[in-house]
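Structure record follows, encoded as structure tokens.
Numbering (the numbering used here), first residue to last: 349 to 559.
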């Protein structure tokens, strides 16, 4: 049975606001309107550990980010979708990292640098392009949790009025190379960027998961 996604907004003085997501009437999580300050992924991982111990909102990996985008679309809340689009226009960081290897399979690490790290292996290298045209859509599964092109583009078209564009290494590197995974809602496309430098200082979305 398809879950019904409901969203309500709440503002707490002086300036903290959030969108609360519920499934079939049960609260799931809250997406904060305020993002993190600009920081590197390594700093974001440190923030995650500090805030996790306090029970505070946490930054996301790339699969979680797509899930929230999809929940926003299911909710039909235009204000929420506009909020996410504006955040995506800031090139938000995630806690997902790609390791491109010279030979064999590449690696994806979700919740990179935290006590919740999860590692996956697969083939990620290929040409950049709109996802409907890429030759190995299974690569999307490692970064978004799905390789369903129609499903992914349905989400990005609802939020940004554009299809998704996949940016990555086009060929195997000469040596092991690490990159950050992020997003960007640009003109004409919504980027899934798996080729972001580690030194980039960028904000990230924050979510409070409800028990």
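Even for Gly, the Cβ is constructed at its ideal location relative to N, Cα and C.
With distance defined between alpha-carbon atoms, name the residue in the options nearest to residue i.
{"i": "residue 553", "options": "470, 392, 487", "result": "392"}
{"i": "residue 432", "options": "509, 370, 486", "result": "509"}
{"i": "residue 485", "options": "454, 514, 467, 506", "result": "514"}
Let me confirm a value: residue i is counted as buried when at least 16 other C-beta atoms fall within 10 Å, else exposed. Which label applies?
{"i": "residue 523", "result": "exposed"}
{"i": "residue 567", "result": "Since the first and last residues shown for the chain are 349 and 559, residue 567 lies out of range."}
{"i": "residue 430", "result": "exposed"}
Which residues in the same chain as residue i place their Cβ atom closer than 8 Å to its Cβ, once the five residues preceding and following it in sequence are excluded?
{"i": "residue 518", "result": "473, 474, 475, 476"}
{"i": "residue 493", "result": "411, 414, 415"}
{"i": "residue 462", "result": "393, 396, 397, 400, 443"}
Rounding to the nearest angstrom, what Cα-Cα distance links residue i and residue j in this structure?
{"i": "residue 413", "j": "residue 520", "result": "27 Å"}
{"i": "residue 529", "j": "residue 479", "result": "16 Å"}
{"i": "residue 360", "j": "residue 511", "result": "Legend: pLDDT at residue 360 = 47, less than 50; position of this residue unreliable, no value from coordinates given."}
{"i": "residue 482", "j": "residue 470", "result": "15 Å"}
{"i": "residue 449", "j": "residue 487", "result": "15 Å"}
{"i": "residue 375", "j": "residue 452", "result": "42 Å"}
{"i": "residue 531", "j": "residue 437", "result": "8 Å"}
{"i": "residue 386", "j": "residue 550", "result": "4 Å"}
{"i": "residue 428", "j": "residue 408", "result": "17 Å"}
{"i": "residue 495", "j": "residue 439", "result": "22 Å"}
{"i": "residue 507", "j": "residue 421", "result": "7 Å"}
Can you list, in chain order, the residues of its chain whose CB lies under 6 Å from that of residue i, leaving out five sequence neighbours each side?
{"i": "residue 378", "result": "366, 368, 556"}
{"i": "residue 419", "result": "353, 369"}
Is residue i close to the ligand SAM? I mean its beta-carbon at under 7 Å from any heavy atom of the ligand.
{"i": "residue 455", "result": "Ligands in the displayed structure: none, and consequently the ligand SAM is not present."}
Could you tell me whether the segment 393-401 touches the segment 530-546, where touching means 3 or more Cβ pairs closer than 8 Å?
-> no
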